[in-house]
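Numbering-wise (UniProt numbering), the sequence shown opens with residue 1 and increments by one.
Cβ atoms here follow ideal geometry from the backbone N, Cα and C, with glycine treated the same way.
Here is the structure we will look at, set down as structure tokens.
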Amino acid sequence: MSTTPPNEKPGEKAEPGASWNQKEEHVLPKNRLGIVLFALMCTTFLAALDQMIVAVALPTIVADVGGGNSYSWVGSAYMLAAGAFGPLYGKLSNMFGRKPILYSSIIIFLVGSALCGAAQSMNWLIICRAVQGIGGGGIIQLVFITISDIVPLQDRGRYSGAVGATFGFARQAHSSVLVFQLADIMIRTVWLDHCLVVLALAEHVSWRWCFFINLPTGGLAAVLLFIFLNLNPHQKRPLRDQVVELDFIGLVSLVTGVVCLLIGFNFSQTSWSDARTITLLVVGLVLLIFGGINEIFTTRSAILPARLFKTRTTGIILITAFLHAIVFFAATYYLPLYYQVLGASATGAGVRTIPFQLGAAIISIVSGIVLSKSGKYRVIMWTSYVLMTLGMGLMITLDYASSDAEKEIFPLIASLGIGCLLQVPLVALQAAMPLKDMATASSAYMFLRTVGGAVGIAVGEAIISTVLPKKLSGIANIGSLGLGDSAAALNDSVSKIHLIPDVTLRNAVLHAWSRSIATIWIVCTPLCGVALILTLFLRAYSLSRKTVQSGDAKTVDDPEKSIEAPSDTDEDGTGITTHTNTIAAAGGRVGQG
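Right under this line is the structure:
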């Protein structure tokens, strides 16, 4: 039996509540996991690092090719393409196999990198960045789908936690240089010292090498994957049959809806009342709602199957992943802004967020190890949301006069909860799904996190552009400062605060800014609380799986954990829903599917 699920046909949909059961076995292909994981992390690293490269190199790029009025689209194009194609990668990997989609994504990303490096105009660079985004988005999703194919479920937390840690490290560098760049929404990974390398390339060699440097590294990772990555044979079906079954209405609705929504969010940086912004957001929302309704009633192979939300556990995990992304991205973008308002430079703000970012990264690794050893994802998620709610609640109290300890410890508490939830919910989602839905469920998870991140950034921007002008208008003589009231003008005014000569007036402006940012935490805290309440209703599926090593007649089993028949109720009173797998000897070679 293939690790890659058979293609889904109309009428073969898993029933609501379906999970891993005795009719399924996970056949593990033989792999040198150390080498394969290294290559997978390299590709993920490149896809994420590329956004940071643009962030720090943009001033040099604009000076060379011009087009300063369009500079934000250099990043937005990447995010837009990656987010728009998000719902499609899992479905395509089911149709054509993991390797073709993974390799295609890497090739598209590398081709886009080469074209970006050769770009002679800003418009051409923006187009090439979109090409990069298509490849980068596919890389990130296929890495997690591939890990689910080659790693036993009970060990998956350890490997996913390592990837999640690189996501956390990324935010450290990104947040220090580009607080309001909506384009960074897909990025989770950048190492601080690489930021210095990028700056050196941009300033002393050429900004073009910020893109060309992807080619040898990405090429090496692709070669390693081509040589060492083994997957079970893909169960091929005629392309005509698969195309006929594909839900094109849902695909077009979801992709177009996401594109409109994300472009609308990008325009909102100029003005939320602009007709373009309102039109795009409304059209995007309507298309997403229409696409969602279509997914419920379609008889074709849905892009985001409605049954993912009909199972209590999977529905809760997907909804809470969306809520977590809102809070995570809002904190990632606006916590550095808080430090900048207090007078820190962009680099200084990045340094101040080290406890928040590294705390999330380190705890992601720890939570993955704990999950692999204990299998208790519910306890981890409950604890995480408690810490997240507590930390965000404490951050509400932060003002310009708060102590240094409060400014660092309160975000650190929130980050401990945030970090645990970077990858643990994905493993829990996979534990509750049948094999045939593994890729689709993982793709849906990533897609909702992407949209949630966009919403989190937009909500924060909306709060600041709405609340801050009201607070500033109550300050005497504020008109003499010429701060403006548009989102862009308010963002630009941050650097002017400490130039205000009158101490009383300056402190009043600092208070208005810090309390406006605190309003974001006021919105985020209840979302954490809602997510915590929802997770109380999660079922605990066992992570123990009897698996067959491809080519062997031996099973890979965890003998210390008992496994019982699947049930929607707790058979043993422990609150754990467990599963039994009937194992047959698996023969055959490891394929290249």
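- Counting Cβ pairs, one atom from each stretch, are 3 or more of them under 8 Å apart for the segment 360 to 375 and the segment 447 to 455? no
- Query: What are the uninterrupted segments assigned as alpha helix (DSSP H) that are 4 or more residues long and contained completely in the segment 317 to 386, given in chain order?
  - Reply: 346 to 352 and 354 to 374
- Message: Starting from Asp241, trace the alpha helix (DSSP H) in both directions and tell me its first and last residue.
- Response: Leu239 to Glu245
- Please determine if the segment 300 to 317 and the segment 402 to 422 are in contact, where contact requires at least 3 C-beta pairs separated by less than 8 Å. no
- Task: Would you mind reading off the limits of the alpha helix (DSSP H) that contains His511?
- Result: Val503 to Thr535
- Query: Is the distance from the Cβ of Lys265 to the Cβ of Ala531 below 8 Å?
  - Reply: A small correction: the amino acid at residue 265 is Phe; Lys does not occupy that position in the sequence shown. No, the Cβ-Cβ distance between Phe265 and Ala531 is not below 8 Å.
- Query: Would DSSP call Ser301 helix, strand or coil?
  - Reply: strand
- Could you round the C-beta distance between Gly218 and Thr44 to whole angstroms and report it? I think they count as a contact, below 8 Å. About 11 Å; that fails the 8 Å criterion.
- Cβ contact (3+ pairs, closer than 8 Å) linking the segment 402 to 422 and the segment 290 to 297: no
- Message: Less than 8 Å between the beta carbons of Phe109 and Gln132, yes or no?
- Response: yes
- Item | Paired residues, beta bridge with Leu261 - DSSP | DSSP output for Leu261 lists no bridge partner at all.
- Message: For Leu117, report the span of its alpha helix (DSSP H) as first-last.
- Response: Checking the sequence shown, residue 117 turns out to be Gly, not Leu. Taken as a continuous stretch (DSSP letters only), the alpha helix (DSSP H) holding Gly117 covers Arg98 to Ala118.
- Message: With three or more beta-carbon pairs closer than 8 Å as the criterion, would you say the segment 122 to 139 touches the segment 71 to 89?
- Response: yes
- Query: Of the residues Ile409, Val143 and Ser442, which one's Cα is nearest the Cα of Pro425?
  - Reply: Ser442
- Is DSSP giving Asp399 helix, strand or coil here? coil
- When DSSP labels each residue in this structure, what does Ala540 get in the three-state scheme? strand
- Task: Compute the Euclidean distance between the alpha carbons of Asn294 and Lys310, then round it to the nearest angstrom.
- Result: 15 Å
- Message: Given a cut-off of 8 Å on the beta-carbon distance, is the pair Ile302 and Asp247 in contact?
- Response: It should be noted that the sequence gives Ala, not Ile, for residue 302. Yes, the pair counts as a contact, with Cβ atoms nearer than the cut-off.
- Query: Leaving out five residues before and five after Gly117 in sequence, what residues of the same chain have Cβ atoms less than 6 Å from its Cβ?
  - Reply: Arg208, Phe211 and Phe212
- So, using beta-carbon positions, are Gly284 and Leu254 closer together than 8 Å? no
- Member of Pro238, Ala130, Gly67 and Asp502 whose CA lies at the smallest distance from the CA of Asn477: Asp502
- Message: I believe Phe537 touches Arg276 by the beta-carbon criterion, under 8 Å. Please report the beta-carbon distance rounded to the nearest angstrom.
- Response: Actually they are not in contact, since the Cβ atoms of Phe537 and Arg276 sit about 41 Å apart, beyond 8 Å.
- Message: Counting beta carbon pairs with one atom in the segment 32 to 40 and one in the segment 223 to 242, are three or more of them shorter than 8 Å?
- Response: yes
- Item | Selected residue, minimal CA-CA separation from Tyr78, among Ile134, Gly138, Tyr159 and Trp521 | Ile134
- Message: When you compare the CB positions of Ala222 and Gly137, do they come within less than 8 Å of one another, or not?
- Response: no
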